[in-house]
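Line by line, the protein sequences give chains A and B.
If you read the first sequence in the working numbering, its first letter stands for residue 1183, the second for the next number, and so on.
If you read the second sequence in the working numbering, its first letter stands for residue 1183, the second for the next number, and so on.
Protein chains: 2
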Amino acid sequence: MAQAEMAGDRKTGDCPCTQAQVLEHWQGHRRLTRKVIEAFPEDQMFTFTLGGMRTFGAMVHEFLGMALPVANQVATGTWGDPIAEKPTDKAGLLRLWDEHTAKIDAIVPAIAPERFHEKIKIYEQYEVTGMEAIQYTVDNEIHHRGQGYVYLRALGFEPPAFYDRS
Amino acid sequence: MAQAEMAGDRKTGDCPCTQAQVLEHWQGHRRLTRKVIEAFPEDQMFTFTLGGMRTFGAMVHEFLGMALPVANQVATGTWGDPIAEKPTDKAGLLRLWDEHTAKIDAIVPAIAPERFHEKIKIYEQYEVTGMEAIQYTVDNEIHHRGQGYVYLRALGFEPPAFYDRS
């Protein structure tokens, strides 16, 4: 209730949030995730797990299956085809990652401002705004990438610095 | 360069981002982190680690040391005193968590819109905008909480659902 009142506040929209800022935050995290993929030992990518969880390679497949489709959905309202390709080696993961990076760089700056407000249906079931869809996608990647950091540490490798999004 | 041009785009500000939305996203994640604290076995909170990393209790101390000071800094420009209290049991962590939740609920809706744009210095060294300071604080909590999920799984406990921010 208080939130609904606040959302109607005249201050709405003064808070900075441009396509450029959304893209930079998203791609900054995707650059960090790419470093974790690079740092991960090839022979453990699809084999090492802790606590009965997924391999880091399986988590990367999830990231690749979310980011570009969500960008397309927010931009055009079309979810498009699911990402069928699931590379099983590091080089393949990085190649597909870079292909999606270039596409997301082209899509996000062209998103019409109102699309960030409009409700869309993602994964053919969740009704969220465009901004919520992107935020959830980034947050999910941070969450599972953090788990990849534990895998790296447990394997004796130093993960990249969390704050470095270069 | 392209980003700088985009940031100057007339569309700037059309993208929705209100104090209410910032607060809801932040507190939604803090509610999830609180569930992870509740789910964590008391006797492992400050003892269990993987890969030579910190205990989950130490990560919670970091979360508590960041959120409220950052909210104060964005709202008032004053970092204020560091959070000196570091509870060493679950009840103490949850009590301090709830105290900070109430304070953040009171602070964020009152933040002047321009404060989200203005550069501030956090941790007495990083120059970022108010929005970047909050975003980094939330992202850092997601990252380390995801590591807490691995600790929980490794200890044989089911973590709360990532998507449930209730």
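Beta carbons are placed, not taken as given, at the ideal position from N, Cα and C, and that holds for glycine.
Counting only beta-carbon atoms, is residue i nearer than 8 Å to chain A?
i: R1213(B); result: no
i: Q1255(B); result: no
i: F1238(B); result: no
i: F1245(B); result: no
i: M1188(B); result: Low local confidence applies: a pLDDT of 37 at M1188(B) is under 50, so the model's placement there is unreliable, with the coordinate-based value given in what follows. By this cut-off, M1188(B) is an interface position.
When the cut-off is 8 Å and only beta carbons count, does residue i lie next to chain B?
i: M1235(A); result: yes
i: F1228(A); result: no
i: H1207(A); result: yes
i: F1222(A); result: no
i: L1351(A); result: Only positions 1183 to 1348 of chain A appear in this structure, which leaves residue 1351(A) out of reach.
i: D1196(A); result: Confidence at D1196(A) is low in this model, with a pLDDT of 44, below 50, so its placement is unreliable and no value can be given for it.
i: F1344(A); result: yes
Measuring CB to CB, does residue i end up less than 8 Å from residue j?
i: Q1201(A); j: P1291(A); result: yes
i: E1244(A); j: H1325(A); result: no
i: H1282(A); j: L1250(A); result: yes
i: G1312(A); j: V1256(A); result: yes
i: W1208(B); j: L1246(B); result: no
i: M1235(A); j: R1216(B); result: no
i: K1301(B); j: E1224(B); result: no
i: T1270(B); j: F1228(B); result: yes
i: V1252(A); j: I1316(A); result: yes
i: L1205(A); j: D1287(A); result: yes
i: E1309(A); j: K1303(A); result: yes
i: Q1242(B); j: L1275(B); result: Checking the sequence, you will find Val at residue 1242(B) rather than Gln. Taking 8 Å as the Cβ cut-off, V1242(B) and L1275(B) qualify as a contacting pair.
i: N1254(B); j: I1289(B); result: yes
i: A1221(A); j: F1339(A); result: yes
Taking buried to mean at least 16 other C-beta atoms within 10 Å of its own C-beta, is residue i buried or exposed?
i: G1239(B); result: buried
i: Y1318(A); result: buried
i: D1321(B); result: buried
i: G1328(A); result: buried
i: G1259(B); result: exposed
i: G1330(B); result: buried
i: R1212(B); result: buried
i: P1342(B); result: buried
i: E1323(B); result: buried
i: Y1333(B); result: buried
i: D1346(A); result: exposed
i: Q1307(A); result: exposed
i: E1314(A); result: buried
Is there a C-beta anywhere in chain E that falls below 8 Å from the one on residue i?
i: G1330(B); result: Although the question refers to chain E, the structure presented lacks it and instead comprises the protein chains A and B.
Exercise. Below 7 Å between beta carbons is the criterion; list the residues of the stretch 1328 to 1340 of chain A that meet it against any residue of chain B, in chain order.
Key: Flagged, chain order: G1328, Q1329, Y1331, V1332, R1335 and A1336.
Practice problem: Can you give me, in chain order, the residues of the stretch 1314 to 1327 of chain A that have a beta carbon less than 9 Å from any beta carbon in chain B? | Solution: Listed by position along the chain: E1314, Q1317, Y1318, V1320, D1321, N1322, I1324, H1325, H1326 and R1327.
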